[in-house]
Amino acid sequence: MQSTTTEEQLNAFFGRDPHAFEAEEQLIAEITQSLHAHKADVSNKDLIFALIQLLEIEKDVIKLDIYRNALEMVVQKTPDDV
């Protein structure tokens, strides 16, 4: 018998693929690591700026989709300024 985790069961119920955003998460991790090489603290603003720079120069539509999705993920996790 195969056991599944609660997360897997919820993803299956709601029709979500747990691996759907692996490329975006990997991109965010790579950008964060690259930014850490130049500065100690990396903020969401730094990530947003780096992703916008990538969006401005990229021509590959598949990469553009990944960059846009990654940007959306970062923006959604960024608290609003009051």
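Last residue of the sequence shown: 149 in my numbering, with the numbers rising by one and none dropped.
Where is the CB? At the ideal position from N, CA and C, for every residue including glycine.
Helix, strand or coil for residue i, going by three-state DSSP, please let me know.
| i | result |
| --- | --- |
| residue 117 | helix |
| residue 103 | helix |
| residue 128 | helix |
| residue 109 | coil |
Taking C-beta to C-beta, are residue i and residue j nearer than 7 Å?
| i | j | result |
| --- | --- | --- |
| residue 90 | residue 133 | yes |
| residue 131 | residue 118 | no |
Which same chain residues, not among the five before or five after residue i, have their C-beta less than 7 Å away from its C-beta?
| i | result |
| --- | --- |
| residue 142 | 115 |
| residue 113 | 102 |
Excluding five sequence neighbours on each side, which residues of the same chain lie with their C-beta closer than 8 Å to the C-beta of residue i?
| i | result |
| --- | --- |
| residue 99 | 109, 114 |
| residue 147 | none |
Which same chain residues, not among the five before or five after residue i, have their C-beta less than 6 Å away from its C-beta?
| i | result |
| --- | --- |
| residue 145 | 111 |
At least three beta-carbon pairs within less than 8 Å, the stretch 123-132 to the stretch 103-112: no
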